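Engineer: First, the structure itself, so that you have it in front of you.
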Amino acid sequence: MEPKGDIAVIGLAVMGQNLILNMNDHGFTVVAFNRTTSKVDDFLNNEAKGTNILGAHSLAEMVALLKKPRRVMLMVKAGSAVDDFIEQWLGVLEPGDIVIDGGNSLFQDTIRRTKYVESKGLLYIGTGVSGGEEGARRGPSIMPGGSPAAWPHVKPIFQAISAKVSDGSPCCDWVGEGGAGHYVKMTHNGIEYGDMQLICEAYQIMKDGLGMTADEMHEVFKEWNQGELESYLVEITRDILGKKDEDGQPLVDKILDTAGQKGTGKWTVISSQELGIPITLIAEAVYSRCVSALKDARVEAAKVFKPSNPKFAGDRKQWVSDIRKALYASKIISYTQGYMLMRAAAQQHGWNLNYGGIALMWRGGCIIRSVFLGEIKKAFDKNPNLTNLLLDPFFKKAIKSCARSWRKVVSAAVKKGIPAPAFSTALAFFDGLRSERLPANLLQAQRDYFGAHTYERIDKPRGEFFHTNWTGSGGRVASSTYTV
Ligand code: 6PG
Numbered sequence: 001m002e003p004k005g006d007i008a009v010i011g012l013a014v015m016g017q018n019l020i021l022n023m024n025d026h027g028f029t030v031v032a033f034n035r036t037t038s039k040v041d042d043f044l045n046n047e048a049k050g051t052n053i054l055g056a057h058s059l060a061e062m063v064a065l066l067k068k069p070r071r072v073m074l075m076v077k078a079g080s081a082v083d084d085f086i087e088q089w090l091g092v093l094e095p096g097d098i099v100i101d102g103g104n105s106l107f108q109d110t111i112r113r114t115k116y117v118e119s120k121g122l123l124y125i126g127t128g129v130s131g132g133e134e135g136a137r138r139g140p141s142i143m144p145g146g147s148p149a150a151w152p153h154v155k156p157i158f159q160a161i162s163a164k165v166s167d168g169s170p171c172c173d174w175v176g177e178g179g180a181g182h183y184v185k186m187t188h189n190g191i192e193y194g195d196m197q198l199i200c201e202a203y204q205i206m207k208d209g210l211g212m213t214a215d216e217m218h219e220v221f222k223e224w225n226q227g228e229l230e231s232y233l234v235e236i237t238r239d240i241l242g243k244k245d246e247d248g249q250p251l252v253d254k255i256l257d258t259a260g261q262k263g264t265g266k267w268t269v270i271s272s273q274e275l276g277i278p279i280t281l282i283a284e285a286v287y288s289r290c291v292s293a294l295k296d297a298r299v300e301a302a303k304v305f306k307p308s309n310p311k312f313a314g315d316r317k318q319w320v321s322d323i324r325k326a327l328y329a330s331k332i333i334s335y336t337q338g339y340m341l342m343r344a345a346a347q348q349h350g351w352n353l354n355y356g357g358i359a360l361m362w363r364g365g366c367i368i369r370s371v372f373l374g375e376i377k378k379a380f381d382k383n384p385n386l387t388n389l390l391l392d393p394f395f396k397k398a399i400k401s402c403a404r405s406w407r408k409v410v411s412a413a414v415k416k417g418i419p420a421p422a423f424s425t426a427l428a429f430f431d432g433l434r435s436e437r438l439p440a441n442l443l444q445a446q447r448d449y450f451g452a453h454t455y456e457r458i459d460k461p462r463g464e465f466f467h468t469n470w471t472g473s474g475g476r477v478a479s480s481t482y483t484v
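Have a look at this one:
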């Protein structure tokens with residue numbers, strides 16, 4: 001009998017199961033496999049009952065059920081499990097077959113695995129899949145990269161199951177070679193960290209500075225979700241603030257204030273350090289989670305340094321409007337930085353990234369989906385070579401119209417001792433970027449003073465380096481000049 005399976009999905013945790021059901025809904029015959037094979041039967045007898053989903057209880061059975069070239073997609077925890085599966089598959093798959101990793105893998109691992117699998121004659125795809133459980137089931141954002149020759153074979157499946165924007169365009173397209181897909185997904189997650197932190201800072205300022213209740217903030221987020229901030233994360237924040245515990249009190253107030261993290265935000269910051277790109281807002285978002293985790297230390301310090309009166313004076317309605325503008329301006333900075341990062345990574349790795357296409361992929365299905373990404377898409381449609389989002393006329397105007405409120409909110413938070421690290425760093429970055437002259441002249445002088453590290457002069461061509469014997473007692477030899 002001819003094999004019927006269009007694709008196999010390995011790993012029947014929440015994302016795997018929902019992707020399989022989504023593929024089934026779109027008419028694909030999926031082979032489900034799991035290392036603990038009892039899970040396969042459990043899935044077939046419950047969630048997959050009455051569908052065309054096939055179960056496999058061994059890799060050999062899975063392979064026999066698949067049409068050629070075989071497409072096998074891993075939905076397992078990132079890390080060594082992916083390497084283990086690849087090793088096992090290389091024993092049962094054939095040249096031309098396609099191995100897909102849909103987990104949150106580190107992009108360097110994906111670069112390595114693409115090369116390795118290709119060296120064995122097979123093709124590899126490392127793809128970001130965003131949208132959580134609901135996205136996987138109803139339409140995620142999918143960001144595939146790896147072996148270009150694999151793309152035509154998975155495109156019909158991935159684009160069918162992905163989210164669509166209003167004109168029907170799929171939130172899935174080929175990102176680039178090697179680790180490009182996982183890099184873009186990592187950046188998405190870093191931006192997700194930033195968006196979440198900005199919302200949390202707005203919440204804390206409204207709560208501590210304006211003394212607002214969860215119900216009142218529920219109404220604010222409801223309103224914000226109807227304007228330029230309309231997004232999945234604002235929408236769920238609205239719902240979270242409206243949710244009551246069994247005793248009728250807001251559930252959010254009962255949740256311990258220490259945040260977890262699974263690593264993709266941290267990877268984004270590490271990559272930015274390696275590339276020398278200041279994604280200051282994402283970095284603050286990651287560090288803010290770290291500060292939140294220092295609960296015991298915070299409780300101790302609060303006993304000594306608790307701000308006496310964090311309340312803002314003035315009209316609450318006006319403040320809420322100012323906070324919305326501060327959030328919006330900071331968000332523009334965060335995406336500006338995220339796009340700067342992807343551009344630098346693309347240059348280093350030789351990826352030809354389509355920045356408007358990435359905005360479209362993020363426009364629907366994923367955690368950071370928003371109306372805002374539609375504006376980013378438009379900016380890149382107008383100017384595909386846009387190097388700085390802030391310079392696009394739409395965002396330039398938006399930043400200008402928010403500037404006064406942004407400064408007002410950051411100043412008030414600083415004055416009242418309410419932490420607003422992401423709002424503040426966004427503003428500091430903006431002020432740094434628009435400063436024609438920064439104090440790095442003095443810094444270069446300091447470096448040259450103590451270590452003969454040399455400096456360039458404003459009255460000489462770039463690339464010519466000078467050393468001054470600042471004390472009169474130094475030697476004649478300058479240190480070599482290089483920047484990492
Ligand atoms: C997505 C999410 C997802 C991520 C979680 C948890 O795009 O669907 O980004 O991939 O794993 O959001 O991330 P943290 O535990 O690091 O917050």
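Heads up, the sequence shown stops at 484 in this note's numbering, and the numbers go up one at a time, no gaps.
Don't be surprised by glycine CBs; every beta carbon is placed ideally from N, CA and C.
If you're wondering where the values come from, they're calculated on a predicted model, not measured in any experiment.
So what does DSSP say about ASP239, is it helix, strand or coil?
Structural biologist: ASP239 falls in the helix class under three-state DSSP.
Engineer: Could you check where the beta strand (DSSP E) with SER141 kicks off and where it finishes?
Structural biologist: That run of the beta strand (DSSP E) goes 141–146.
Engineer: Comparing the CB of SER258 with every heavy atom of the ligand 6PG, is any distance shorter than 7 angstroms?
Structural biologist: It is worth fixing the name first, because residue 258 is Thr in this sequence and not Ser. No, the ligand 6PG has no heavy atom inside 7 angstroms of this Cβ.
Engineer: What I want to know is whether the C-beta of GLY181 ends up closer than 7 angstroms to one or more non-hydrogen atoms of the ligand 6PG.
Structural biologist: GLY181 Cβ: outside cutoff for every heavy atom of the ligand 6PG.
Engineer: With a threshold of 7 angstroms, establish whether the CB of SER166 neighbours any heavy atom of the ligand HEM.
Structural biologist: As presented, the structure is devoid of the ligand HEM, carrying the ligand 6PG as its sole ligands.
Engineer: How many angstroms separate the CA atom of ASP208 from the CA atom of SER38?
Structural biologist: Spanning the two alpha carbons is a distance of roughly 51 angstroms.
Engineer: Once you ignore the five residues that flank LYS185 on each side, which residues in its own chain have a CB closer than 6 angstroms to its CB?
Structural biologist: Excluding sequence neighbours, LYS185 sits near GLY128 and MET143.
Engineer: Closest to VAL477 by CA distance: which of THR454, GLN226, HIS182 and THR483 is it?
Structural biologist: Comparing Cα-Cα distances from VAL477 to each of THR454, GLN226, HIS182 and THR483, the minimum goes to THR454.
Engineer: Whole angstroms is fine: what's the gap from SER141's alpha carbon to GLN446's?
Structural biologist: Approximately 48 angstroms between the Cα atoms of the pair.
Engineer: Could you check if THR264 belongs to the surroundings of the ligand 6PG, using beta carbon to heavy atom distance under 7 angstroms?
Structural biologist: The answer is yes for THR264.
Engineer: Does the Cβ-Cβ distance between ILE56 and VAL31 come in under 8 angstroms?
Structural biologist: It is Ala, not Ile, that sits at residue 56 in the sequence shown. Result yes, Cβ atoms of ALA56 and VAL31 sit closer than 8 angstroms.
Engineer: Quick one, which of CYS200, GLY265, LEU106 and ILE255 has its alpha-carbon nearest HIS188's?
Structural biologist: The shortest C-alpha separation from HIS188 is found at GLY265.
Engineer: Could you spell out where the beta strand (DSSP E) holding ARG30 opens and where it closes?
Structural biologist: The residue you asked about is not Arg; residue 30 is Val in the sequence shown. Residues 30–33.
Engineer: Let me know if VAL414 comes out buried or exposed under the rule of 16 or more other beta-carbons within 10 Å of its beta-carbon.
Structural biologist: Result: exposed.
Engineer: Would you tell me roughly how many angstroms separate the C-alpha atoms of MET217 and GLN204, rounded to the nearest one?
Structural biologist: Rounded to the nearest angstrom, the two C-alpha atoms are 10 angstroms apart.
Engineer: Identify every residue that forms a DSSP beta bridge with ILE270.
Structural biologist: The partner list for ILE270 (beta bridge, DSSP) is empty, contrary to what the question assumes.
Engineer: Do VAL99 and ALA8 have their CB atoms nearer than 8 angstroms?
Structural biologist: Their beta carbons are not under 8 angstroms apart, which means VAL99 does not touch ALA8 by this criterion.
Engineer: Just tell me which of GLY365, GLY417 and GLU284 has its CA closest to the CA of SER308.
Structural biologist: Nearest option by C-alpha distance: GLY417.
Engineer: In its own chain, which residues sit with a C-beta less than 7 angstroms from the C-beta of PHE33, not counting the 5 before and 5 after it?
Structural biologist: Closer than 7 angstroms at Cβ, skipping near neighbours: ALA8, ILE10, VAL40, ALA56 and MET62.
Engineer: Is there at least one non-hydrogen atom of the ligand 6PG closer than 7 angstroms to the beta-carbon of GLU192?
Structural biologist: Flag set: Cβ of GLU192 near the ligand 6PG.
Engineer: Looking at the strands, I want to know which residues DSSP matches up with ALA8.
Structural biologist: In the DSSP output, where bridge partners are listed per residue, ALA8 has VAL31 and VAL72.
Engineer: For LYS325, list the residues DSSP reports as bridge partners.
Structural biologist: Looking at the DSSP assignment, LYS325 forms no beta bridge with any residue, so it has no partner.
Engineer: Below 7 angstroms, is the gap between the Cβ of SER130 and the nearest heavy atom of the ligand 6PG?
Structural biologist: Yes - the ligand 6PG has a heavy atom lying nearer than 7 angstroms to the Cβ of SER130.
Engineer: Pair every Cβ in the region 299–313 with every Cβ in the region 153–172, then say whether three or more of these pairs are closer than 8 angstroms.
Structural biologist: Judged by Cβ distances under 8 angstroms, the region 299–313 makes no contact with the region 153–172, as fewer than three pairs qualify.
Engineer: Does the contact criterion of 3 or more C-beta pairs under 8 angstroms hold for the region 268–279 versus the region 161–181?
Structural biologist: With a cut-off of 8 angstroms, the region 161–181 and the region 268–279 do not count as touching, because too few Cβ pairs lie within range.
Engineer: Judging by CA-CA distance, which residue of GLN17, ALA78, ALA346 and THR29 is the nearest neighbour of ASN46?
Structural biologist: When each option's Cα is compared against that of ASN46, the closest is GLN17.
Engineer: Do you know whose CA, among TYR328, TYR193, PRO69 and ALA60, lies nearest ALA285's CA?
Structural biologist: Looking at the Cα atoms, TYR193 is the closest of the given residues.
Engineer: Going by beta carbon distance, what residues of the same chain come within less than 7 angstroms of SER169, once the five residues before and after it are set aside?
Structural biologist: For SER169, where only same-chain residues beyond five positions count, the Cβ hits under 7 angstroms are LEU360.
Engineer: What separation, rounded to the nearest whole angstrom, lies between the Cα atoms of TRP267 and LEU106?
Structural biologist: For TRP267 and LEU106, the distance between alpha carbons rounds to 8 angstroms.
Engineer: Report buried or exposed for GLY472, applying the criterion of at least 16 other Cβ atoms within 10 angstroms of its Cβ.
Structural biologist: That one is exposed.
Engineer: Quick check: is any heavy atom of the ligand 6PG less than 7 angstroms from the C-beta of GLN444?
Structural biologist: GLN444 Cβ: outside cutoff for every heavy atom of the ligand 6PG.
Engineer: Write down the C-beta distance between LEU281 and ALA426 rounded to the nearest angstrom, noting that I regard them as a contact closer than 8 angstroms.
Structural biologist: Contact holds; Cβ gap of about 5 angstroms.
Engineer: Short of 6 angstroms in beta carbon distance, which residues of its chain neighbour GLY357, apart from the five on each side in sequence? Order them along the chain.
Structural biologist: Closer than 6 angstroms at the Cβ level, and outside the excluded window around GLY357, lie ASP173.
Engineer: Rounded to whole angstroms, what is the Cα-Cα separation between GLY102 and TRP89?
Structural biologist: Approximately 16 angstroms, taken between the alpha carbons.
Engineer: Specify the secondary structure class of ASP215 as computed by DSSP and reduced to three states.
Structural biologist: Here ASP215 sits in helix by DSSP.
Engineer: When we look at the beta-carbon of ASP459 and count the other beta-carbons within 10 Å, is it buried (16 or more) or exposed?
Structural biologist: Answer is exposed; the Cβ neighbour count stays below 16.
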